[in-house]
Every structure is written in structure tokens, then in C-alpha cells.
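Chemist: Numbering (the working numbering), first residue to last: 19 to 339. Below are the C-alpha cells for one structure; questions will follow.
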Ligand code: ADP
Ligand code: MG
């Protein structure tokens with residue numbers, strides 16, 4: 019199939035509100051007057067971000083989900099996305115399933131695919147996403163202040179547990195495997211939470227490389243430190259299963275602190291806004307947990323249930339470490 023027919027068949031869908039979408043030399047957009055554009059790009063490479071046999075429908079979902087998560091972390095409303103794709107051969111079944119997963123999530127979030135690029139090469143997906151946010155209300159990494167509460171959404175470490183199971187280093191019971199695998203393969207970006215945190219959070223980041231690494235980015239950009247209560251971390255119940263080969267509590271905690279692919283939000287807010295933040299749990303059906311406090315002293319102190327300070331060597335996933 020000629021390249022343009024392929025684009026027409028798999029990647030061209032009605033995009034309401036877009037002046038000109040897929041098919042010309044450039045798309046034409048009409049951002050709402052007065053809003054700032056939030057722009058972000060994320061690349062997924064076979065063998066690095068997903069296994070060679072990855073399910074194409076799940077991959078279509080995940081490629082968009084990780085980009086939506088960046089919009090969530092900025093408090094931006096996602097609007098438009100570009101998809102640059104290189105693949106070794108034209109595979110109709112693969113493209114069909116990939117675009118199905120991609121467009122299912124895109125329509126859930128009302129995001130329009132407005133263009134991209136398609137070439138032959140190793141399987142590689144690069145998405146660029148654009149969103150809108152009122153000037154001055156984006157959730158940045160540099161706004162955390164000493165005394166702020168530190169919050170995380172959802173549960174941490176489940177995607178890392180699923181990966182550990184796939185790699186054979188732990189054995190999850192069937193029910194936990196289902197929960198953890200869904201977290202790994204079909205993350206649900208916290209877009210509604212990000213929007214609701216405008217005006218409440220002093221800083222935010224999405225957790226893609228592990229809580230310690232990503233909270234570390236907030237600390238570095240804000241010029242502050244943190245004290246984290248390990249007993250408060252929302253970890254997976256998978257650790258409670260006592261079956262042979264099951265991950266122990268320590269492993270589960272380690273995954274929560276350093277495992278990648280959670281796509282939850284970590285944010286800070288002044289204690290005066292605690293009630294307003296807690297009100298979001300019911301309004302958005304989104305669990306939120308207060309896990310610690312921002313400190314003036316640099317560094318991240320981890321305290322266990324006895325108040326003892328723990329030392330962590332490994333902080334998270336670093337492609338070049
Ligand atoms: P050009 O030669 O100008 O690079 P292309 O032939 O690569 O144009 O693309 C033609 C049109 O199809 C453009 O509007 C481009 O944005 C769009 N497009 C190409 N690949 C994709 C894709 N994977 N998803 C969505 N749109 C795509
Ligand atoms: Mg091109």
C-alpha cells in the first residue's frame with residue numbers, strides 16, 4: 019500500500035475543531051484566544067520502552083497515555099497530537115490494532131490526531147502532544163515550598179511488579195497479576211486530576227521513572243528537600259500475598275519508590291489546601307495520599323514506621339546511568 023494510502027486508512031479520522039488536519043504539509047490549529055500552549059514530546063523505542071512482542075493495541079494506548087500524562091502533570095487540557103512512526107514493514111493487522119488502541123484513548127480524552135510522519139525503520143513511536151492552559155496556572159516543577167505537603171495519586175509500583183513478573187523475578191497471584199499488568203500495559207493518565215489541581219498544587223510531576231527520581235526533579239527545580247513517610251506510601255496489595263515466589267513487602271516498597279511506568283501524579287500543596295485536595299478524592303474518584311513534607315534542607319529523607327531514616331542507593335530508571 020502506498021504510504022499516503024496507509025496514512026489515510028489507519029491514521030485519518032474526523033478531527034472536529036481542527037481547521038486542517040492530516041493530509042497537508044502542516045496542520046492548522048486554532049488555539050483558544052488567551053490560552054498558553056503546553057507542548058511535549060515522548061518517544062517509545064522497541065527493546066527500551068516495550069518488549070518486541072508487545073501487543074499493538076496496548077502499544078497504541080500506551081504511546082498516547084504517556085504523552086497525556088505529561089499534559090496532566092502540567093495541568094493542561096490535551097487537544098492535539100502528532101504521531102511519528104517508524105516500522106520495519108507494513109503490517110496491516112499490526113496497524114489496525116495499533117490505531118484502534120490509539121484512537122480509543124484519543125476519543126476518551128477528546129484529543130485529535132492532526133499529523134505525523136511514517137517511515138520504514140526499527141519500530142519507534144514518537145508523539146508530540148499539544149494542550150492548553152490559562153497563563154500562570156500551569157503546574158510546574160519549580161513551585162514547591164518548605165512546609166508544603168507531598169501527595170501522590172493512585173498506587174505506586176504495580177507496573178514495576180508486572181514487569182518483574184514478566185522477567186521471572188517474582189510470581190504474582192493471578193488476581194494481582196491482572197491488576198499489575200493493566201497498570202503496565204494500559205496506564206490511565208490522570209488528566210482530570212491535573213486540571214483540578216490548577217490553583218491548588220504548588221508543583222507537580224508525573225511519575226514515569228519512579229517516585230524518588232521524579233520527586234527528586236521537583237526538589238531540584240524548586241531548590242528544596244523532602245521528608246517521605248514510607249508507611250504512608252500507597253503500595254500495591256500484591257505484597258501481602260504470601261505464596262512462594264510472591265514479592266515480599268520490601269520488594270513492593272522498592273518497586274513503589276524506584277519502579278517506572280506508574281503514570282501517577284506527585285504534587286505538592288500548602289497544608290492550608292489539604293481539605294480542598296482531599297475533596298478531589300470523591301469528586302474525581304481518584305485516591306490521593308499525603309506521603310510527606312517539603313523541607314528547606316536539601317535531600318530526600320525516607321522515614322520508616324519507627325521514625326528511623328533509611329538510605330536508598332538506587333533512585334529510579336536512568337537511560338544513561
Ligand atoms: P511530507 O512529505 O510533507 O512529510 P507526508 O507524506 O509525510 O508529508 O505526510 C502526509 C500527511 O500525513 C501530513 O499531513 C502528515 O502530517 C500526515 N501523517 C504522516 N504520517 C502520519 C501518521 N503516522 N499519523 C498521522 N498523520 C500522519
Ligand atoms: Mg513526512
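Ideal Cβ positions, reconstructed from N, Cα and C, are used throughout, including at glycine.
(1) Taking the alpha carbon of residue 340 as the point to measure from, which residue in 33, 25, 318 and 282 has its own alpha carbon closest?
(2) Determine the direct distance from the alpha carbon of residue 241 to that of residue 216, and round the result to whole angstroms.
(3) Any idea what DSSP makes of residue 166, helix, strand or coil?
(4) What does the alpha-carbon distance come out to for the pair residue 160 and residue 316?
(5) To test your reading of the DSSP string, which unbroken beta strand (DSSP E) runs of 3 or more residues are found completely within the segment 265-326?
(6) What residue ranges within the segment 209-237 form continuous beta strand (DSSP E) runs of no fewer than 3 residues, ordered along the chain?
(7) With distance defined between alpha-carbon atoms, name the residue in 224, 134 and 184 nearest to residue 173.
(8) Can you give me the C-alpha to C-alpha distance between residue 76 and residue 119, rounded to a whole angstrom?
(9) Give the range of the beta strand (DSSP E) segment to which residue 104 is assigned.
(10) If I measure Cβ to Cβ from residue 84 and keep anything under 6 Å in the same chain, skipping five residues before and after, which residues do I get?
(11) So residue 140 and residue 21 are supposed to be a Cβ contact under 8 Å. How far apart are they, rounded?
(12) Is the distance from the Cβ of residue 184 to the Cβ of residue 81 below 7 Å?
(13) Which of the three DSSP states is assigned to residue 60 in this structure?
(14) Based on DSSP bridge pairs, tell me the residues matched to residue 146.
(15) Is residue 25 near the ligand ADP, going by C-beta to nearest heavy atom under 6 Å?
(16) Regarding residue 134 and the ligand ADP, is the C-beta to nearest heavy atom distance less than 6 Å?
(17) Can you find a heavy atom of the ligand ADP that lies under 6 Å from the Cβ of residue 229?
(18) Should residue 96 go down as buried or exposed, given a rule of 16 or more other Cβ atoms within 10 Å for buried?
(19) Tell me the rounded alpha-carbon separation between residue 79 and residue 44.
(20) Decide if residue 46 is buried, meaning its Cβ has at least 16 other Cβ atoms within 10 Å, or exposed.
(21) Enumerate, from N- to C-terminal direction, the unbroken beta strand (DSSP E) stretches of 3 or more residues contained entirely within the segment 103-138.
(22) Given that a residue counts as buried once 16 or more other Cβ atoms are within 10 Å of its Cβ, and exposed if not, what is residue 283?
(23) For the beta strand (DSSP E) holding residue 244, just list the boundary residues, first then last.
(24) Quick one: is the Cβ of residue 40 within less than 6 Å of any heavy atom of the ligand ADP?
(25) Ends of the alpha helix (DSSP H) at residue 79?
(26) Quick one: using the 10 Å Cβ neighbour count with 16 as the cut-off for buried, is residue 327 buried or exposed?
(27) Among 200, 42, 70 and 23, which residue has its Cα nearest to the Cα of residue 108?
(28) By Cβ distance below 6 Å, which residues in the same chain neighbour residue 311 in space, the five residues on each side in sequence not counted?
(29) Please check the pair residue 151 and residue 92, which I expect to be a contact at CB under 8 Å, by giving their CB distance rounded to whole angstroms.
(30) Could you spell out the range, first to last residue, of the alpha helix (DSSP H) harbouring residue 159?
(31) Whole angstroms is fine: what's the gap from residue 269's alpha carbon to residue 276's?
(32) Does residue 66 pass the burial test, meaning 16 or more other C-beta atoms within 10 Å, or should it be called exposed?
(33) For the alpha helix (DSSP H) containing residue 364, name the first residue and the last one.
(34) Can you pull the DSSP bridge partners for residue 40?
Modeler: Let me lay it out:
(1) Nothing can be reported for residue 340, as the shown portion of the chain is limited to 19 through 339.
(2) As a first step, residue 216 must be located in the chain shown, where it is residue number 198. As a first step, residue 241 must be located in the chain shown, where it is residue number 223. Just so you know, the alpha carbons of residue 216 and residue 241 end up roughly 21 Å apart.
(3) In the chain shown, the residue the question calls residue 166 occupies position 148. In the structure shown, residue 166 sits in coil (DSSP, three-state: anything other than H, G, I, E or B).
(4) Against the chain shown, residue 160 aligns to sequence position 142. Against the chain shown, residue 316 aligns to sequence position 298. Whole-angstrom Cα-Cα distance: 14 Å.
(5) 282-287, 306-313 and 318-321
(6) Correct list: 221-225.
(7) By 1-based counting over the chain shown, the position of residue 173 is 155. Closest option to residue 173, judged by alpha-carbon separation, among 224, 134 and 184: 224.
(8) As a working mapping, residue 76 is identified with position 58 in the chain shown. As a working mapping, residue 119 is identified with position 101 in the chain shown. A direct Cα-Cα distance of roughly 6 Å separates residue 76 from residue 119.
(9) Residue numbering aside, residue 104 sits at position 86 when the chain shown is read from its first letter. Element bounds for residue 104: 95-105.
(10) Position 66 of the chain shown, counted from the start, is the residue given in the question as residue 84. These residues qualify, in order along the chain: 60.
(11) Looking up residue 140 in the chain shown gives position 122. Looking up residue 21 in the chain shown gives position 3. 17 Å between Cβ atoms; not a contact.
(12) The residue you call residue 184 lines up with position 166 of the chain shown. The residue you call residue 81 lines up with position 63 of the chain shown. In this structure, residue 81 does not lie closer than 7 Å to residue 184 by Cβ.
(13) Taking the first residue of the chain shown as position 1, residue 60 is located at position 42. Reduced to three states, the DSSP call for residue 60 is strand.
(14) Position 128 of the chain shown, counted from the first residue, corresponds to residue 146. Looking at the DSSP assignment, residue 146 forms a beta bridge with 59 and 100.
(15) Walking along the chain shown from the start, residue 25 turns up at place 7. Result yes, Cβ under 6 Å from the ligand ADP.
(16) As a first step, residue 134 is located in the chain shown; it is residue number 116 there, counting from the start. Within the cutoff, so yes.
(17) In the chain shown, the residue the question calls residue 229 occupies position 211. Outside the cutoff, so no.
(18) Mapped onto the chain shown, residue 96 falls at position 78. That one is buried.
(19) Residue 79 sits at position 61 when you count from the first residue of the chain shown. Residue 44 sits at position 26 when you count from the first residue of the chain shown. Residue 79 and residue 44: Cα-Cα distance of roughly 24 Å.
(20) Walking along the chain shown from the start, residue 46 turns up at place 28. The residue is exposed, with fewer than 16 neighbouring Cβ atoms inside 10 Å.
(21) 130-138
(22) Working through the chain shown from its first residue, we reach residue 283 at position 265. Looking at its Cβ environment, which holds 16 or more other Cβ atoms inside 10 Å, residue 283 is buried.
(23) Sequence index remark: in the chain shown, residue 244 carries index 226 (1-based). Per DSSP, residue 244 belongs to the beta strand (DSSP E) from 243-247.
(24) Taking the chain shown and counting its residues from 1, the one referred to as residue 40 is at position 22. Result yes, Cβ under 6 Å from the ligand ADP.
(25) Translated into positions along the chain shown, residue 79 becomes position 61. Taken as a continuous stretch (DSSP letters only), the alpha helix (DSSP H) holding residue 79 covers 74-92.
(26) Along the chain shown, read from residue 1 onward, the residue named residue 327 stands at position 309. A residue is called buried when at least 16 other Cβ atoms come within 10 angstroms of its Cβ; residue 327 does not meet this threshold and is exposed.
(27) Along the chain shown, one-based indexing puts residue 108 at 90. Here the closest residue by C-alpha is 23.
(28) Start at 1 with the first residue of the chain shown, and residue 311 comes out as number 293. Hits under 6 Å: 245.
(29) Start at 1 with the first residue of the chain shown, and residue 151 comes out as number 133. Start at 1 with the first residue of the chain shown, and residue 92 comes out as number 74. Contact flag correct, Cβ pair sits at about 6 Å.
(30) Mapped onto the chain shown, residue 159 falls at position 141. Run containing residue 159: none; DSSP gives neither H nor E here.
(31) Taking the first residue of the chain shown as position 1, residue 269 is located at position 251. Taking the first residue of the chain shown as position 1, residue 276 is located at position 258. Roughly 10 Å separates the two Cα atoms.
(32) The count along the chain shown starts at 1 and reaches residue 66 at position 48. Exposed.
(33) This structure leaves residue 364 out entirely; the chain is present only between 19 and 339.
(34) Counting from one through the chain shown, the residue named residue 40 turns up at place 22. Answer is none; residue 40 lacks a bridge partner.
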